[in-house]
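Residue numbers (our numbering): 2 to 206.
Right, dumping it as structure tokens:
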């Protein structure tokens, strides 16, 4: 990882403050959904903050990207290759990685694009649920409060609507480097979640 002193300097240079309640309490395994992702410049902020909090947080990518020489760089940066084909269950493939590593943390940009979205992709949630690991949310509010903020570990329940309401509310209002592409929470998106009775969802408050 980047030397912590250098990482702190880079964040101070950009007037970004780190907020975390997890000092000394980080789990050995977790999935870290991250919002906002509006610019390619978000990636170096991720490198800075993982050094500051002392967490070697990985990311996954298509296995085809991990061919030398790019693959060497991606692996050095914390990348983990995953085979993605029509016959491969991506969620299960990533969840299986947790079974092979006692210490594994996975960051996922849940908007799935740098453009504005109305709801998040749900793969991160089902990876954590399948692997039996908690979520640690990471909010990049780089134009508003100018903070990178972590949540305490959150254990997924059997109520997907309640889980996503908590997740969406944590990220609501954060402004990315391109503010107009930042996420805004509309509770109506809870009706789009998978695995629900559509009639019941439509009538839910």
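Each residue gets a CB set at the ideal place from its N, CA and C atoms; glycine is no exception.
DSSP places residue 30 inside the beta strand (DSSP E), whose first and last residues are 30 to 36.
Sequence-distant Cβ neighbours of residue 11 in its own chain, meaning closer than 7 Å and more than five residues away, are 49. For the pair residue 29 and residue 9, the Cα-to-Cα distance works out to about 23 Å.
A direct Cα-Cα distance of roughly 18 Å separates residue 167 from residue 23. In the three-state reduction of the DSSP assignment, residue 117 falls in the coil class, being assigned neither a helical nor a strand state. Partner residues in the beta bridge of residue 142, as assigned by DSSP, are 148. Residue environment for residue 51: buried (at least 16 other C-beta atoms within 10 angstroms of its C-beta). DSSP places residue 110 in the strand class (E or B) of the three-state scheme.
Contact annotation, residue 140 with residue 36: C-beta distance approximately 6 Å; criterion of less than 8 Å satisfied. The way I'd put it, the region 151 to 160 doesn't touch the region 184 to 194; fewer than three beta-carbon pairs between them come closer than 8 Å.
Separation of residue 79 and residue 59 (C-alpha to C-alpha, rounded to the nearest whole angstrom) is 5 Å. Runs of the alpha helix (DSSP H) lying entirely within the region 62 to 108, each at least 4 residues long, are 71 to 77 and 91 to 101 in chain order. Membership of residue 42 in any beta strand (DSSP E) is not indicated, and neither H nor E is assigned to it by DSSP. Looking at the backbone, the Cα of residue 34 and that of residue 109 are separated by about 5 Å.
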